[in-house]
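First residue of the sequence shown? That's -18 in the numbering used here, and the numbers climb one at a time after it.
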Amino acid sequence: MDFAGNSKKSGRSARNKKQFNRVGHNLQFYKIPPTGEISLQEFEEYAIDRLKVLKAVEVAGIRLMKGSPEYIQKLQDELRKTSLGHDLIRTDKKEDKDFRQKDLVSHFILRLAYCRSEELRRWFMQQELDLFRFRFLREGPDSRDEFLRENSLNYEPISDDLKTELDGELRAAAGSKSGVVDTIEYFKVPFTEVFDLVSKRKVYLQDGYAYVSRDDMISIVITHYRSHLSHSLAVTTRALPHLEEDGRLLPMLCGLSKRYLGQDFNAKKSNVGEITADMIETLSKKSFPLCMQQLHQSLRQNHHLRHGGRQQYGLFLKGIGVSLEEAMRFWRTEFCKAMDVDKFDKQYSYNIRHNYGKEGKRTNYTPYSCMKIITTNPPGPGDFHGCPFKHMEVDMLAQKLRGQHISKDNVEKISKCVKTGHYQIACAQYFEATHNIRNPEDSASININHPNGYFLDSYKLLNGPKEGTKPVPNTPKVIKVKVEGTGTPSSQTNKQSDLNDMDDDDLIASMETDM
């Protein structure tokens, strides 16, 4: 990938291939795009690493109060699980040019991926601003001053005489920090640059200017960064048509916002058979997420699921360790309550074998992640697949939760998350309510990003490791399963998990008769 955009001779030496423009400070406003070349594999790796960092920032910001000690600790813990995030919080990266280049390049890659819609731009900006604030506050005073000088933010502190004259007003604005007014510097800036401080009444205003303490300078910096990033995303949007000329990059960029970044829950040979058809009914009541409970209950009631439901539920069962033989027995037993065996074998057995890689192009399909369930193939009339928190009416969802004897307070908490579009957080709160988790520290550690992750977390919490027994497939060593950042899916896995890319055999499997 040539970031410079100009054609180069293919015979040039390898030592010149990855030369990028010099990056000065660890912190950046990302004003100058990188120039140089990286491979397509590095392009994807950089993008995924950055996306994992921003997802970690989002999770911490949703569950905890931003800026609180708990938030900072949670964010540090989450960032340490990613390669780029681990480098971001290192204290010894002063001369680490590789880190700075990766930081620069990965930001611009995601800027390309997230400029395509207002919703994506808003999400990207919020996470980047929160990440910048976190990083800026970790820098020392000298490093912050250097950054301000490099970006021409040359604010001069007010004189001691003016500070003395405004002593009473500054102390009143400082509130509980009034005792340190004598020891810190203040800056006179236009009030339009610190709207957040004005709204919180943390600054003294006079003649259109705000008097900002050095400790609150981050507000000014964030205002400039927000303005720059918003303008840059708009400019990048206009450049998107040029990417259509390269068929390799556009599909990759378009898929990044829906990319699942967690653990691969595809059943391995060593795990197959640990969950039998006879165990599914009991497990569905204790350890299935709400989306899979809904599919299971519909199957039991109607003795049938349409194609979307069979795909979502069938791959989930495969992921928890149900073998092909047990899956065939499970589906045949239920479907044959409403049809004869010959009809089942002709119309439905092929699809089950296909999902296990035994028919067609023999792709070993992976279970659907939460993101895939939420964003693709919404359910229509007569369908029961999808995410209940996303696709069900809030009133119907609340009624369903009350039917499961979930308390009124928990129903309101879940409904509030649903109304604000935080469907996975709603699922995490459903997990807490059904597993009687009341410890705030345990609650903050629960991240639901995959139905199979939900199952494993629940199974481990309810059963625990028993001496002399075989662990459930893919069970982590700790109770608190962290799906975010537990592994980088290879490009092959991603291709396998995308059921939209169908060949002729796939189309045959999907064209079964749904009655």
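Cβ coordinates follow ideal geometry from the N, Cα and C atoms, glycine included.
Practice task
From the DSSP output, in three-state form, read off V193 for me.
Solution key: strand
Problem - Under the three-state DSSP convention, the category I429 falls into - result: coil
Exercise for the section: Would you mind working out which of M373, L178, L32, F365 sits nearest L93, comparing C-alpha positions? Expected result: L32
Handout entry: Counterpart residues of F168 in DSSP-defined beta bridges
Key = P138, V193
Exercise for the section: Quick one: residues in its chain with C-beta nearer than 6 Å to the C-beta of F128, no 5 flanking neighbours on either side, listed in chain order? Expected result: H6, L8
Exercise for the section: May I ask you to report which of helix, strand or coil DSSP gives E99? Expected result: helix
Practice task
Using a threshold of 8 Å, state whether the C-beta atoms of H372 and G289 are closer than that.
Solution key: no
Practice task
Name the two residues that bound the continuous alpha helix (DSSP H) containing L93.
Solution key: 78 to 94
Problem - Straight-line Cα distance separating I256 from T467 - result: With a pLDDT of only 33 at T467, under the threshold of 50, the placement of this residue in the model should not be trusted; the figure read from the coordinates follows. If you take the alpha carbons of T467 and I256, they lie about 24 Å apart.
Handout entry: Distance between K239 and L271 (C-alpha atoms, nearest Å)
Key = 21 Å
Practice task
Would you kindly report the start and end of the unbroken beta strand (DSSP E) that includes L186?
Solution key: 185 to 187
Problem - Straight-line gap, E18 to Q385 (C-alpha atoms, nearest Å) - result: 56 Å
Exercise for the section: Please classify I355: does DSSP put it in a helix, a strand, or coil? Expected result: helix
Exercise for the section: Ignore the nearest five residues each way along the sequence and tell me which others in H284's own chain have a CB closer than 7 Å to its CB. Expected result: E315, F316, K318, A319
Handout entry: is_contact[S194, chain D] using C-beta, thresh 8 Å
Key = The chain labelled as chain D is not found in the depicted structure, where only one protein chain is given.
Exercise for the section: Return the CA-CA distance between D390 and G300, expressed in angstroms with no decimal places. Expected result: 33 Å
Practice task
Determine which residues share a DSSP beta bridge with V303 and list them.
Solution key: I256
Handout entry: Beta-carbon proximity list for A409, same chain, < 6 Å, skipping 5 on both sides
Key = I427, I429
Problem - Distance between I90 and F24 (C-alpha atoms, nearest Å) - result: 8 Å
Handout entry: Nearest-angstrom beta carbon gap, F168 and I139 [assumed within contact, 8 Å]
Key = 7 Å
Handout entry: Neighbourhood of A154 by C-beta distance below 8 Å, restricted to the same chain and skipping five residues each side
Key = R182, K183, V184, Y185, Y192
Practice task
Under 7 Å Cβ to Cβ from L286, same chain only, skipping five residues before and after it: list those, please.
Solution key: L276, S279, L280, Y294, F365
Problem - C-alpha gap between K397 and I70, whole angstroms - result: 33 Å
Practice task
Select from D148, K83, Y337 the residue whose C-alpha is nearest the C-alpha of T16.
Solution key: K83
Handout entry: Limits of the unbroken alpha helix (DSSP H) element including K59
Key = Checking the sequence, you will find Glu at residue 59 rather than Lys. Where E59 is concerned, the enclosing alpha helix (DSSP H) stretches over 50 to 60.
Problem - Rounded C-alpha distance that separates N336 from E100 - result: 34 Å
Handout entry: Residue from G156, D197, V399 with nearest C-alpha to F176
Key = D197
Practice task
Name the residue from Y349, V34, H223, R102 whose alpha carbon lies nearest to the alpha carbon of S211.
Solution key: R102
Practice task
Let me know if K353 comes out buried or exposed under the rule of 16 or more other beta-carbons within 10 Å of its beta-carbon.
Solution key: buried
Handout entry: Spatially closest choice to K339 from L56, S304, D68, by CA coordinates
Key = S304
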